[in-house]
Every structure is written in C-alpha cells, then in structure tokens.
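Reading through the structure tokens given below for one structure.
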Ligand SMILES: Cc1cc2nc3c(=O)[nH]c(=O)nc-3n(C[C@H](O)[C@H](O)[C@H](O)COP(=O)(O)OP(=O)(O)OC[C@H]3O[C@@H](n4cnc5c(N)ncnc54)[C@H](O)[C@@H]3O)c2cc1C
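Next comes the structure, spelled out in structure tokens:
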C-alpha cells in the first residue's frame with residue numbers, strides 16, 4: 011500500500027511475525043529493536059525472534075492444545091511457524107528448533123522482502139502519529155512500559171506475575187470435593203477440597219521439601235506483595251500458616267457429612283464456560299513436577315488435569331480485557347495494536363500467533379476491511395477471547411489449553427475420553443478454518 015507506514019516495536023517473536031504479515035500486504039514497516047544498544051537481561055544476541063530459554067515450540071500433535079494452535083497458524087499463513095519447520099531439530103512429537111538457524115532465517119526473510127526497515131533504537135514513548143503495533147514483550151524497557159502505563163491507566167499494566175495453577179473441572183473427583191461458599195453466603199460457586207489432619211500434614215511435608223524454580227538475576231529484586239505470597243513462602247513461616255491463610259477451613263461445611271474440615275483448598279471458576287478452576291491463593295514458584303505431585307496429594311485433585319502451572323516471574327503485560335478487542339486492536343486508539351506476551355498470551359507459539367493476528371488485522375484496518383476475529387472453537391480465537399474477556403481483576407497470562415475452547419456438545423462419557431474429545435475439538439477447529447480460508 012502506497013505511502014502507508016506502520017511502526018512495529020520489538021523484533022521479537024510477535025513483532026517479527028507481525029512485520030512479515032504487514033509486508034505481505036504491501037505495507038512498509040519500521041521495525042524497531044533496542045538490542046544490541048540496550049538488552050533485556052534475558053536475550054543474548056542481537057538477532058530478531060530470539061528464543062530466550064528452551065528451544066521448543068511444544069507439541070506438534072493436533073490433539074495437544076499447543077499442537078492445534080500451530081496447525082491453525084499454518085492455515086492462517088504464519089511465517090515463523092514455517093521457518094520453525096525449516097529449522098527443526100529432532101524432538102519426538104515436539105517442534106524444537108535450532109535457535110541460531112531460526113533467527114538467521116527470520117532475519118534473512120525480513121531483509122529480503124524490501125518492505126521492512128529494521129531500526130536499532132529503543133522506543134521510549136508510544137508513537138502518536140503513525141499506526142503502531144507494540145510487541146515489546148515481557149521485558150519491555152522501563153521508559154516504554156511507563157508510557158504504556160500512562161496510556162492504559164496505572165492499574166492496567168503489570169510487571170510481575172504470580173499465578174496459581176488452573177485445573178480442568180472434569181478431572182476433579184467430586185466424591186471428595188464439594189461445592190460451598192464460606193458461611194453459605196451467596197451462591198455455592200466454589201469447589202472445595204477438604205483435608206483431614208493427616209492429609210494436611212502429608213501435604214505440608216511435600217510442600218516444604220519441594221524444589222523451587224530459581225529466579226533470574228533481573229527478577230531477584232522483585233518484591234512479592236504480602237497478599238500475593240507464594241504458598242511455599244507462607245509454609246516456611248510455620249506449619250499452620252496456610253490453615254490460617256489460603257487453606258482456612260472455617261465456614262466451609264460439606265453438607266454430605268456435616269463436617270468442617272482441618273484444612274480446605276478452594277477452587278474458583280476461571281472461565282465463563284466453567285471448565286477451568288484456579289486454586290485460590292495458591293500462587294507458587296515450585297518446579298512443575300513438584301507442583302503436580304503436590305496438587306495430586308490434595309483429596310479431590312488426585313487425578314486433576316493441570317491446565318496451567320503456577321509461575322512467578324518478571325512479566326510486563328497489559329490488562330487486555332480493559333485495553334484490547336479480541337482483534338488485538340486498542341479500544342481507545344484504533345490505529346494501535348498490541349501483540350505477543352504483553353497482551354497476556356504466554357509462550358513462544360502464542361506470541362507468534364498473536365503477532366500474526368495483529369499484523370493481519372493492522373493491514374485490514376488500514377485497508378478499511380473487517381478485522382479478523384476468530385471464534386472460540388479455534389484455539390487462537392479461544393486464547394484471544396480469554397485474554398480480552400476474563401474478569402479484569404484476575405487476568406493472568408495464559409497459554410493455549412483445552413479448557414478455554416468452547417465445549418463440545420457431547421455426552422459426559424465421551425467428554426471423559428480425553429484423547430477422543432481433543433481429536434474432535436481439533437477437527438472442529440481445522441474444518442472451520444479450512445472452510446473459511448479454502449485450504450486443504
Ligand atoms: C526469561 C524468560 C524465559 C522464557 N522461556 C520460555 C520458554 O522456555 N518457552 C516458552 O514458550 N516461553 C518462554 N517465555 C515466554 C515468552 O514466550 C517469550 O518471552 C517470548 O519471546 C515472547 O515473545 P514476544 O514477541 O512477546 O517478546 P520478545 O520475544 O521478548 O520480543 C520483544 C522484543 O522487544 C524488544 N524491546 C523491548 N522494549 C523495547 C523498546 N522500548 N524499544 C525497542 N525494542 C524493545 C526486546 O529487545 C525484544 O527483542 C520466556 C520468557 C522469559 C522472560
């Protein structure tokens with residue numbers, strides 16, 4: 011498109027994909043990247059689309075949530091997923107890449123197409139006079155983060171993430187768990203997992219002996235809010251601290267037994283369709299294997315399917331329900347889009363996916379076309395619906411998972427067959443996308 015230029019801030023996973031999508035539509039792009047002039051603390055090269063930690067984009071299997079997302083992205087024409095396949099290294103069912111080759115190929119593609127101008131500069135404020143996609147990532151530099159805070163409102167930008175695990179409701183054992191609200195106030199919408207003294211002591215033993223994830227150097231100064239302390243920190247203060255905190259049993263009676271228990275783990279509904287429940291006050295930095303063992307020691311969660319593990323890390327993200335449309339367009343400035351981890355989607359694949367959609371939709375916006383909003387039968391549509399529609403006070407970044415996708419209209423027995431259910435969910439999404447985008 012003649013005479014139209016778009017700024018993309020951040021040549022990471024989302025920004026590189028967004029820039030390539032814009033260039034494909036004939037739009038000129040200024041792609042701003044602050045590295046190597048200024049680093050993030052996690053990146054080690056000056057290359058675009060650097061994988062900062064693991065080299066895996068997760069499963070390729072369509073019956074895996076992340077796998078389905080990748081299949082959807084292939085249909086929608088993601089450049090980086092294509093390059094990932096070209097840079098693949100053997101990793102069983104997963105799509106793992108040679109990170110040097112991957113970044114080099116992304117850089118080559120960006121340079122070859124002639125539409126994208128990489129500018130090595132730290133952007134300090136949101137440009138006001140040119141259509142812009144902000145894809146500056148979880149480690150957005152401080153001056154820009156400050157300006158985003160000014161733009162979105164103080165309470166709509168977060169710098170640190172303390173997340174409690176989320177489990178799939180269908181995997182909870184209701185022979186032990188029960189619905190109740192404390193002191194029977196309001197609707198009995200919480201799911202409660204009761205522990206007797208012996209079970210609590212076993213749970214406590216596992217917890218205090220569990221290994222934790224080491225915080226990175228740039229995260230060590232992060233202060234935890236007292237009201238948001240990890241369970242392992244609370245537990246280290248004494249054996250009963252949790253029973254007077256997030257595991258407080260008072261006022262929670264299982265009507266089937268009439269018993270008020272020794273301790274209770276409460277789970278709160280996490281999505282509108284009530285398929286996902288988060289463990290209240292259970293933010294944690296334990297290693298994922300240890301979290302699994304700990305959660306499975308809780309009566310009622312013995313076989314819980316963990317959709318999202320707890321994490322604590324430096325993470326800059328906006329409160330998307332207040333700031334963004336599911337198209338990733340800003341509610342209060344139509345020529346401004348956000349993409350990548352800063353939107354509240356979590357993970358490499360998810361960052362590329364939202365970069366792809368932001369690029370596609372910015373191009374559509376500039377051409378006066380309807381923006382692409384995918385339905386929540388697709389993994390990408392569900393992801394964007396989740397981040398733009400969840401309760402504003404509780405938005406925590408999320409990766410692709412089956413709990414966010416619209417439920418299937420099948421009987422309970424079929425729903426319990428996970429493999430079959432996921433296969434059907436995946437077919438529903440891919441059939442839909444193939445029918446819309448006419449690809450086989
Ligand atoms: C330490 C760490 C480890 C992670 N490990 C994994 C993992 O193993 N697996 C996984 O799936 N996900 C992981 N993630 C989460 C996430 O998937 C990655 O951070 C991913 O790279 C996010 O993509 P992005 O495009 O949003 O941001 P990035 O890829 O970080 O890209 C943002 C870019 O913006 C640039 N930038 C920032 N501020 C400015 C500015 N003011 N001006 C110009 N440029 C700027 C940065 O230098 C960077 O290049 C990790 C995150 C972190 C922080």
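In the numbering used here, the protein residues as written are 11 to 450. C-beta atoms are modelled at their ideal positions from N, C-alpha and C, and glycine is treated no differently. The structure presented is a predicted model; accordingly, all values stated were derived computationally and were not measured.
**Prompt:** What do you reckon, are the CB atoms on residue 407 and residue 320 nearer than 9 Å?
**Reply:** As a working note, residue 407 is residue 397 in the chain shown. As a working note, residue 320 is residue 310 in the chain shown. Cβ atoms of residue 407 and residue 320: not closer than 9 Å.
**Asked** CA-CA distance, residue 370 and residue 32?
**Response** Looking up residue 370 in the chain shown gives position 360. Looking up residue 32 in the chain shown gives position 22. Going from the Cα of residue 370 to the Cα of residue 32 covers about 7 Å.
**Item:** Helix, strand or coil at residue 54 according to DSSP, with G and I counted as helix
**Value:** Here residue 54 is taken as the residue at index 44 of the chain shown, counted from 1. In this structure, residue 54 counts as coil in the three-state DSSP scheme.
**Request:** Please name the residue, chosen from 47, 325, 316, that lies closest to residue 352 on a Cα-to-Cα basis.
**Result:** Taking the first residue of the chain shown as position 1, residue 352 is located at position 342. Checked all of 47, 325, 316; the closest Cα to residue 352 is 325.
**Request:** List the whole-angstrom C-beta distance separating residue 262 from residue 201, where the pair is believed to meet the contact cut-off of C-beta under 8 Å.
**Result:** To locate residue 262, count along the chain shown from 1; it is residue 252. To locate residue 201, count along the chain shown from 1; it is residue 191. Actually they are not in contact, since the Cβ atoms of residue 262 and residue 201 sit about 11 Å apart, beyond 8 Å.
**Spatial neighbours of residue 264 in its chain, beta-carbon cut-off 8 Å, leaving aside the 5 residues before and after** = As a working mapping, residue 264 is identified with position 254 in the chain shown. Apart from the 5 residues on each side of it in sequence, residue 264 sits with its Cβ closer than 8 Å to the Cβ of 188, 190, 202, 204, 271 in its chain, given in chain order.
**Prompt:** How about residue 358: is its Cβ closer than 8 Å to a heavy atom in ligand 1?
**Reply:** Translated into the one-based positions of the chain shown, residue 358 becomes position 348. Yes, since a heavy atom of ligand 1 falls inside the 8 Å radius drawn around the Cβ of residue 358.
**Prompt:** Quick one: what's residue 182 bridged to in DSSP?
**Reply:** In the chain shown, counting from the first residue as 1, residue 182 sits at position 172. Per DSSP, none; premise fails for residue 182.
**residue 62: CB within 8 Å of a non-hydrogen atom of ligand 1** = Counting from one through the chain shown, the residue named residue 62 turns up at place 52. Yes, the Cβ of residue 62 comes within 8 Å of a heavy atom of ligand 1.
**Request:** Measure the CB-CB distance between residue 376 and residue 79 and report whether it falls below 9 Å.
**Result:** For the purposes of this step, residue 376 is identified with residue 366 of the chain shown, where counting begins at 1. For the purposes of this step, residue 79 is identified with residue 69 of the chain shown, where counting begins at 1. Not closer than 9 Å, so no.
**Asked** Which same chain residues, not among the five before or five after residue 181, have their C-beta less than 7 Å away from its C-beta?
**Response** Here residue 181 refers to the residue found at position 171 when the chain shown is read from its first residue. 313, 314, 315, listed in sequence order.
**Message:** Run through the DSSP bridge pairs and tell me what residue 487 is partnered with.
**Reply:** Absent from the structure is residue 487, since the part of the chain shown begins at 11 and ends at 450.
**Beta carbon of residue 160 nearer than 9 Å to that of residue 43** = If you number the chain shown from 1, residue 160 lands on position 150. If you number the chain shown from 1, residue 43 lands on position 33. Cβ distance not < 9 Å, so residue 160 and residue 43 don't count as in contact.
**Request:** Can you tell me which of 436, 447, 21 puts its alpha carbon nearest to the alpha carbon of residue 132?
**Result:** Translated into the one-based positions of the chain shown, residue 132 becomes position 122. Closest option to residue 132, Cα to Cα, is 21.
**Cβ-based burial, residue 165 [other Cβ within 10 Å; buried from 16]** = Translated into the one-based positions of the chain shown, residue 165 becomes position 155. Classification of residue 165: exposed, given that the 10 Å Cβ count is below 16.
**Message:** Classify residue 380: buried if its beta carbon has 16 or more other beta carbons within 10 angstroms, exposed otherwise.
**Reply:** On the chain shown, residue 380 is found 370 positions in, with the first residue counted as 1. Under the 10 Å beta carbon count, residue 380 is surrounded by fewer than 16 other beta carbons and is classified as exposed.
**Item:** Close Cβ partners of residue 244 (< 8 Å) along its chain, the five nearest in sequence each way excluded
**Value:** Counting from one through the chain shown, the residue named residue 244 turns up at place 234. Answer for residue 244: 251, 252, 255, 256, listed in chain order.
**Asked** Do residue 501 and residue 89 have their C-beta atoms within less than 9 Å of each other?
**Response** Because the chain spans 11 through 450 in this model, residue 501 falls outside it and cannot be assessed.
**Request:** Pull up the CB-CB distance for residue 65 and residue 91, whole angstroms please, since I reckon it's below 8 Å.
**Result:** Here residue 65 refers to the residue found at position 55 when the chain shown is read from its first residue. Here residue 91 refers to the residue found at position 81 when the chain shown is read from its first residue. Contact doesn't hold; Cβ gap of about 15 Å is too wide.
**Item:** Bounding residues of the alpha helix (DSSP H) (the contiguous stretch that carries residue 78)
**Value:** Looking up residue 78 in the chain shown gives position 68. It spans 75 to 86 - the alpha helix (DSSP H) in which residue 78 sits, taken as one unbroken run.
**Request:** Keeping to the same chain, check which residues put their C-beta closer than 7 Å to that of residue 94; ignore five residues upstream and five downstream.
**Result:** Residue numbering aside, residue 94 sits at position 84 when the chain shown is read from its first letter. 67, 105, 107, 112.
**Asked** According to DSSP, is residue 68 helix, strand or coil?
**Response** What you label residue 68 is simply residue 58 of the chain shown in a count that begins at 1. Residue state, collapsed to three classes: strand.
**Prompt:** For residue 18, which of 184, 308, 349 has the nearest alpha-carbon?
**Reply:** Counted from its first residue, the chain shown places residue 18 at position 8. Checked all of 184, 308, 349; the closest Cα to residue 18 is 349.
**Item:** residue 211 at chain B interface by Cβ criterion, 9 Å
**Value:** Of the protein chains in the structure, only one exists, and it is not chain B.
**Request:** Tell me, please, which residues DSSP counts as bridged to residue 278.
**Result:** Position 268 of the chain shown, counted from the start, is the residue given in the question as residue 278. BP columns for residue 278 point to 288.
**Prompt:** Expressed to the nearest angstrom, what Euclidean distance is found between the alpha-carbon atoms of residue 311 and residue 183?
**Reply:** As a position in the chain shown, residue 311 is number 301, starting the count at 1. As a position in the chain shown, residue 183 is number 173, starting the count at 1. Cα-Cα distance, rounded: 6 Å.
**Distance, residue 394 Cα to residue 332 Cα** = For the purposes of this step, residue 332 is taken as the residue at position 322 of the chain shown. For the purposes of this step, residue 394 is taken as the residue at position 384 of the chain shown. Using only the alpha carbons, I get a separation of about 13 Å.
**Touching by the beta-carbon criterion (3+ pairs, under 8 Å), the segment 42 to 62 and the segment 109 to 127** = yes
**Message:** Counting C-beta neighbours from all protein chains within 10 Å, is the total for residue 224 16 or more, i.e. buried, or is it exposed?
**Reply:** As a first step, residue 224 must be located in the chain shown, where it is residue number 214. Burial state of residue 224 is exposed, judged by a 10 Å Cβ sphere holding fewer than 16 other Cβ atoms.
**Prompt:** What residues match up with residue 41 in a beta bridge as DSSP calls it?
**Reply:** Numbered from 1 along the chain shown, position 31 holds the residue referred to as residue 41. Looking at the DSSP output, residue 41 bridges to 18, 128.
**Message:** Taking 8 Å as the cut-off, is the beta-carbon of residue 324 closer than that to any non-hydrogen atom of ligand 1?
**Reply:** Position 314 of the chain shown, counted from the first residue, corresponds to residue 324. Yes; taking the cut-off as 8 Å, the Cβ of residue 324 has a heavy atom of ligand 1 nearer than that.
**Message:** Does residue 400 pass the burial test, meaning 16 or more other C-beta atoms within 10 Å, or should it be called exposed?
**Reply:** Here residue 400 is taken as the residue at index 390 of the chain shown, counted from 1. Buried, since its Cβ has 16 or more Cβ neighbours within 10 Å.
**Item:** Where residue 122 falls: helix, strand or coil (DSSP)
**Value:** Position 112 of the chain shown, counted from the first residue, corresponds to residue 122. Residue 122 falls in the helix class under three-state DSSP.
**Prompt:** Using a Cβ-Cβ cut-off of 8 Å (strictly less than) and excluding sequence neighbours within five positions of residue 206, which residues of its own chain qualify?
**Reply:** By 1-based counting over the chain shown, the position of residue 206 is 196. 271, 272.
**Asked** According to DSSP, is residue 321 helix, strand or coil?
**Response** Residue numbering aside, residue 321 sits at position 311 when the chain shown is read from its first letter. In this structure, residue 321 counts as coil in the three-state DSSP scheme.
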